[in-house]
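Here the structure comes first, spelled out in structure tokens, and everything after it is commentary.
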Amino acid sequence: MEQAAEGITGSAAKLVPQMVKEAAGGVQQKLADTAAGVAENVGLAVQGVREKIPLMPEGQAAQPGSEADMWTKPEVIRDDYVGADKLAGRVALITGGDSGIGRSVAVHFAREGADVFILYLNEHEDAAATKKLVEAEGRRCETCTEAVERCVRELGRLDILVNNAAVQHYRTSITDMTDADIEATFETNILGYVHMAQAALPHLPKAGGSSTTKTGSGTGGGGGGLGGGSSAAPPPAPAAAPSGVIINTTSVTAYKGQPQLLDYSATKGAISGLTQALAAQLAGCGIRVNGVAPGPIWTPLIPATFPRTELLNFQKSVPMQRAGQPSEVGPCYVFLASSDGATMSGQVLHPNGGTPVSA
């Protein structure tokens, strides 16, 4: 018996390490397979020279979400983005500027030389982080839950308004939508944009001091130099100081709809219409009004909206098979706010991962 026991013990001593090794190998392979699956299903597949960023399914309890609480942080600005003082000396007010696309816009504007004032709801930690990022670019940044007058008082002027704040409510059926949800979405996403434009308009610089009630529908002005008895074309007008700019954040859902985001899609469609109509109304005084309609972008609003299971398919809804980063959207706002976009008004840019849309 003793010899048998000794033999068993000796065999076990040889066998156990082998079993442990095989088990560990199996677990390691399983973990590798799981990680690969997560990277494939949930990752932000950044193409070209960009790396694939694995995401973990996560959820947040309250809108509009907190960037500080996200497991995988969005990219705010690319390391290789070089500012060129395109917004030097200008002041921008950004609603929803504490996180996500708003934070990216704030930091891009700061790198281009603008001072930034951000309005936000109650994400104080996110707002403080954005302020720190803007000030790291050597620009001033004020945060507030108040309105335009404070911006002008603190920073001296207002040149650019970015309407960006938004909420959305995930509902699988129209019968599940509550009046409270619908009212909150419209109040924030469209009425808030109108009210901010109304408050900002008296402060935005206008071409030649003209009235804001003029429109761009007139057709007079000499027909491009063809009449008047002169064969010589008139000399080009000298470059004027930049007029005011309003940029509204709409969405691909304005053009394609999103079955689980009915009220959100409706407000984003309204924002696109508002952008075109207000651009026509303000063309006569030189104020440009444009929009940006992102597709799926990795921001705090996403985990605060969608169930964890839906996040697994988040990137698969666009032809590029990946969600975008805020850093890939921020430059759109720089273009529209700067003199690079001087002839752009009533237009919408579409950083949406390749989804074709028609205005």
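Counted from 1, the sequence shown has number 232 at position 232 by the UniProt record's numbering; the numbering is strictly sequential.
Virtual Cβ for every residue (Gly too), placed ideally from N, Cα, C.
Rounded to the nearest angstrom, what separates G48 and E328 at their Cα positions?
Sequence index remark: in the sequence shown, residue 48 carries index 48 (1-based). Sequence index remark: in the sequence shown, residue 328 carries index 328 (1-based). For G48, the predicted structure reports a pLDDT of 40, less than 50, and the residue's modelled location is therefore unreliable. The matter cannot be settled from this model.
By the three-class DSSP mapping on this structure, what secondary structure does I160 have?
Here residue 160 corresponds to residue number 160 of the sequence shown, with the count starting at 1. Strand at I160.
Using alpha carbons as the reference points, say which of I297, S173, H169 lies closest to A180.
Here residue 180 is taken as the residue at index 180 of the sequence shown, counted from 1. Per the Cα distances, H169.
When DSSP builds the beta bridges, which residues end up paired with Q91?
In the sequence shown, counting from the first residue as 1, residue 91 sits at position 91. The sequence shown places Val at residue 91, not Gln. Answer is D115.
Could you tell me the distance, in whole angstroms, from the CA atom of I174 to the CA atom of P259?
In the sequence shown, the residue the question calls residue 174 occupies position 174. In the sequence shown, the residue the question calls residue 259 occupies position 259. Rounded to whole angstroms, I174 to P259 spans 9 Å at the Cα level.
Going by the CB atoms, is the gap between G354 and G324 shorter than 8 Å?
The residue given as residue 324 occupies position 324 in the sequence shown. The residue given as residue 354 occupies position 354 in the sequence shown. No, the pair does not count as a contact, with Cβ atoms beyond the cut-off.
Does the region 88-107 come into contact with the region 156-163, if we say contact requires no fewer than three beta-carbon pairs (one atom in each stretch) closer than 8 Å?
Because the criterion of three Cβ pairs below 8 Å is met, the region 88-107 and the region 156-163 touch.
Determine the burial state of A106: buried for a count of at least 16 other Cβ atoms within 10 Å of its Cβ, exposed for fewer.
For the purposes of this step, residue 106 is identified with residue 106 of the sequence shown, where counting begins at 1. Result: buried.
Straight-line CA distance for T299 to E187?
The count along the sequence shown starts at 1 and reaches residue 299 at position 299. The count along the sequence shown starts at 1 and reaches residue 187 at position 187. Approximately 21 Å, taken between the alpha carbons.
What are the boundary residues of the alpha helix (DSSP H) that includes V148?
As a working mapping, residue 148 is identified with position 148 in the sequence shown. Its alpha helix (DSSP H) spans residues 148-155.
Quickly, what does DSSP pair N248 with across the bridge? List them, please.
Taking the first residue of the sequence shown as position 1, residue 248 is located at position 248. The partner list for N248 (beta bridge, DSSP) reads N163, G291.
Answer with buried or exposed for A232, where buried requires no fewer than 16 other C-beta atoms within 10 angstroms of its C-beta.
Against the sequence shown, residue 232 aligns to sequence position 232. Note on A232: pLDDT 49, under 50, position unreliable in the model; the coordinate value appears next. A232 is exposed by the Cβ-count criterion.
So, is Y333 buried or exposed, given that buried needs 16 or more other C-beta atoms within 10 angstroms?
Position 333 of the sequence shown, counted from the first residue, corresponds to residue 333. It is buried - the Cβ of Y333 has at least 16 other Cβ atoms within 10 Å.
Pair every Cβ in the region 335-349 with every Cβ in the region 124-132, then say whether three or more of these pairs are closer than 8 Å.
no
Please report the Cβ distance between residue 374 and R139, rounded to the nearest whole angstrom; I am assuming they are in contact, meaning their Cβ atoms lie under 8 Å.
No statement about residue 374 is possible, as the shown extent of the chain runs from 1 to 359 and does not include it.
Taking just the CA atoms, how far does A200 sit from G286?
Taking the first residue of the sequence shown as 1, we reach residue 286 at position 286. Taking the first residue of the sequence shown as 1, we reach residue 200 at position 200. One C-alpha to the other measures close to 15 Å.
T172: buried (16+ other C-beta within 10 angstroms of its C-beta) or exposed?
The residue given as residue 172 occupies position 172 in the sequence shown. Label assigned to T172: exposed.
Note the first and the last residue of the continuous alpha helix (DSSP H) segment covering Y255.
For the purposes of this step, residue 255 is taken as the residue at position 255 of the sequence shown. Taken as a continuous stretch (DSSP letters only), the alpha helix (DSSP H) holding Y255 covers 253-256.
Just to confirm the assignment: which complete alpha helix (DSSP H) runs, minimum length 4, are found wholly within the region 318-353?
330-337
Here's the rule I'm using: 16 or more other beta-carbon atoms within 10 Å means buried, otherwise exposed. How should T275 be labelled?
Here residue 275 is taken as the residue at index 275 of the sequence shown, counted from 1. Answer is buried; the Cβ neighbour count reaches 16.
Cα separation between R78 and A147?
Here residue 78 refers to the residue found at position 78 when the sequence shown is read from its first residue. Here residue 147 refers to the residue found at position 147 when the sequence shown is read from its first residue. Going from the Cα of R78 to the Cα of A147 covers about 30 Å.
Restricting to Cα atoms, I'd like to know which of L282, Y255, Q281 is closest to S358.
For this step, residue 358 is matched to residue 358 along the sequence shown. Closest by alpha carbon: Y255.
Under three-state DSSP, which class holds I297?
Position 297 of the sequence shown, counted from the start, is the residue given in the question as residue 297. Here I297 sits in strand by DSSP.
Starting from I182, trace the alpha helix (DSSP H) in both directions and tell me its first and last residue.
The count along the sequence shown starts at 1 and reaches residue 182 at position 182. Segment 179-186, the alpha helix (DSSP H) holding I182.
Please report how far the alpha carbon of P205 lies from the alpha carbon of P242, in whole angstroms.
The residue labelled residue 205 in the question sits at position 205 within the sequence shown. The residue labelled residue 242 in the question sits at position 242 within the sequence shown. P205 and P242: Cα-Cα distance of roughly 8 Å.
Taking only the alpha-carbon atoms, compute the straight-line gap between A166 and A207 and give it to the nearest angstrom.
If you number the sequence shown from 1, residue 166 lands on position 166. If you number the sequence shown from 1, residue 207 lands on position 207. Going from the Cα of A166 to the Cα of A207 covers about 31 Å.
For D85, collect the residues of the same chain with a Cβ closer than 7 Å to its Cβ; drop the 5 residues on either side in sequence, then sort them by chain order.
In the sequence shown, the residue the question calls residue 85 occupies position 85. For D85, where only same-chain residues beyond five positions count, the Cβ hits under 7 Å are E112, G113.
Pick helix, strand or coil for E75, following the three-state DSSP scheme.
Position 75 of the sequence shown holds residue 75. E75: coil per DSSP, three-state reduction.
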